[in-house]
Amino acid sequence: MSTTQKFSLLFHFLLLFSLLPLQINSSPRTQAEALIKWRSSLSSSPPSLNSWSLANLKNLCNWTAISCDTTGTISKINLSNLNITGTLTQFNFSSFENITTFDLQNNNIEGMIPSAIGSLSKLAYLDLSSNYFADNIPVEIGRLTELQFLSLFNNNLNGTVPYQISNLQKVWYLDLGANFLETPDWSKFSSMPSLMHLSLFLNELTLGFPDFISNCQNLTFLDLSLNKLTGNIPDWAYTNLGKIEYFNLTDNLFQGPLSLNISKLSNLKHLHLPNNKFSGQIPESIGLLSSLEIMELYNNSLVGSIPSSLGQLRNLEVLDLRMNALNSTIPAELGLCTNLTYLALASNQLSGELPVSLSNMSKMVNLGISDNFLTGEISPYLFTNWTEMLSLQLQNNLLSGNIPSEIGQLTNLNLLFLYNNTLSGLIPHEIGNLNYLQSLDLSGNQLLGPIPLTLWNLTNLQTMNLFSNNISGIIPPDIGNMTSLITLDLSNNQMHGELPDTISHLSSLESINLFTNNFSGSIQSD
């Protein structure tokens, strides 16, 4: 063979070799040495990492937190929840370029996220959440184009959110919440069509609704709560986010009315918009969100009526409209929401009577309609189905008439507040059936007659306020049974008689007020 032929053959061989994929895997020993070196740099690590030893090299794939692929090369590192303390400064990322999972969640790792993390080109799952990582998110993280899951939640990261994150076109789960991240130029962000879960809550974000979200049309979960975002909810949010199921803007500075187009979010299950500056009326079209389970609109500036269309939300479990300026009656249709467990309408300007239809809410656990202008009597039928109720708050209204004896059917009740109304008549002895009651406040009414003997046997009661009524009678020795009592206020009534010695047995008692009665005797210290 001539020299020319030899060079020609060599050239073609080199050309063919150059076209082959270049893949140089770190050897198991190299990877083992890298892990051991990093472990030695840690301030603390669990005993379970003692398996990381060159003497145990043959069992590398069985080391704690380590998984291998079919070639025996490390493919997954899962060090979550191991109480590791240290940094990633000494972690040699170049030894693990083929790993697909890197999970360090819930440890005590601090310092910067090294830019070398961008060399993990096959990484599909990265979870660094619940640590103490600080400084900026490295822009090199945008090189991890195979990434599908990224969580940096609950660290001390700061600076702006790098637009390079939007290079991660395969990411469906992105959580940057609970850091100190600031607003970037959202216009530099590319669309992220695979994104389904986006959380940016509890950061330092300002300005308006992030524009790039308009192109994330597969989102089912969006949490922007606990920031300082302003402006209106953009119209495109209602049209482009039709798959959204969880929508949370709590604790921001959003304003303006809620659009009629909110009904286009037809898959919505959780709507959280409290603690903002929303104004105007709640649109009737909100009743078309048939999948809705939770609706929180409290502490805004909403006015007008509670929409009767809410009665169409048969899956609704939580409805919180308190601390607005709603000024209608309570629609009877609300009683059609038979899955409601929590209803909060307090601190509005609601008027009229309590609809008897509310008795249909047999799953109700917490009902709060205090601080309104409700009138009329409390219907006894309301209590017939509320057997699951733990808290009933109707204080600071204009309710009148007797307290129905049927209240004794609420046998799971922990808290009963009816104070500052115009209730009259006797205190029903059936309240003594409420064995789990911890707080009872009937003060500021026109109740009369003696305190029923059954009340003195409520051994779990911690607070009993009956002041400013027309209550008569004595305090019986049975008061000594109320061993959990912390606060007792019977002042400004017409009670009389000798104070029983058993009051001194109430070892938990911190405050007692019996002024403006006709008692005699004194309370002895035990």
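Reading the sequence shown from the start, the letters are residues -26 to -1, 1 to 500 in mature numbering (1 follows the signal peptide of the UniProt record, and there is no 0). Note that beta-carbon positions come from the ideal geometry of N, C-alpha and C, so glycine has one too.
Annotated three-state conformation of Q420 is strand, per DSSP.
Each of I453, E219 and N80 was checked against the Cα of F107, and the nearest Cα belongs to N80. Closest in C-alpha terms to I51, from the list T59, T61 and N72, comes N72.
Under the Cβ criterion (8 Å, minimum of three pairs), the segment 152 to 169 does not count as touching the segment 206 to 214.
Per DSSP, reduced to three states, the secondary structure at Q286 is helical. Taking C-beta atoms as the reference points, L432 and L400 fail to come closer than 8 Å. Excluding sequence positions up to five before and after N298, its CB lies within less than 6 Å of the CB of N274, L276 and N322, all in the same chain and listed in chain order. Taking 8 Å as the cut-off, the Cβ atoms of S259 and N222 do not count as close.
For the pair L384 and M338, the Cα-to-Cα distance works out to about 11 Å. If the five residues before and after I91 are omitted, its C-beta is found closer than 7 Å to the C-beta atoms of F67, P112, E114 and I115, all from its own chain and listed in chain order.
Between the alpha carbons of N376 and L416 lies a gap of roughly 12 Å. Counting along the chain, S14 sits inside the alpha helix (DSSP H) bounded by residues P2 to S15. Counting along the chain, D294 sits inside no alpha helix (DSSP H); it lies in the beta strand (DSSP E) bounded by residues V292 to D294. For the 8 Å CB-CB criterion, I343 and L319 form a contact. When the beta-carbon positions are compared, Q436 and L459 come within less than 8 Å of each other.
A check of alpha carbon separations from L332 across F154, E156, T224 and G285 identifies G285 as the nearest. When Cβ pairs closer than 8 Å are counted between the two stretches, the segment 248 to 266 is seen to touch the segment 217 to 232, the count reaching three or more.
Taking L94 as the centre and dropping the five residues before and after it, the same chain places the C-beta of F67, F70, E71, I73, F76 and L118 closer than 7 Å to its C-beta, in chain order.
The alpha carbon of L356 has as its nearest neighbour, out of N371, Q369, S365 and P378, the alpha carbon of P378. A buried status is given to I87, since no fewer than 16 other beta-carbon atoms sit within 10 Å of its beta-carbon. Note on the segment 25 to 57: whole beta strand (DSSP E) runs with a minimum of 3 residues are 40 to 42 and 48 to 52, in chain order.
Contact between I425 and L440 holds: their C-beta atoms lie close to 7 Å from each other, under 8 Å. Taking N467 as the centre and dropping the five residues before and after it, the same chain places the C-beta of N443, I445 and N491 closer than 6 Å to its C-beta, in chain order.
Excluding sequence positions up to five before and after S485, its CB lies within less than 6 Å of the CB of T461, all in the same chain and listed in chain order. The beta-carbon distance between N419 and N395, rounded to whole angstroms, is 6 Å. This is short enough to meet the 8 Å contact definition. Ranking S481, L389 and I449 by CA distance to the CA of E472 puts I449 first.
Boundaries of the alpha helix (DSSP H) harbouring N214: D209 to N214, taken from the DSSP string. Of S49, F154, M363 and G406, the smallest CA-CA separation from N386 is found for M363. Residue pairing from DSSP places T437 in a beta bridge opposite S413 and T461. Straight through space, the alpha carbons of A152 and K202 are spaced by roughly 14 Å. Partner residues in the beta bridge of K251, as assigned by DSSP, are Q229. Put simply, of G350, L247 and K243 the residue whose alpha carbon is nearest the alpha carbon of G230 is L247.
Within its own chain, the residues whose Cβ lies closer than 6 Å to the Cβ of L480, once the five positions on either side in sequence are excluded, are L459, listed in chain order. Under the three-state reduction of DSSP output, L62 falls in the coil class, being neither helix nor strand. Annotation: I58 to D159 spans about 36 Å, alpha carbon to alpha carbon.
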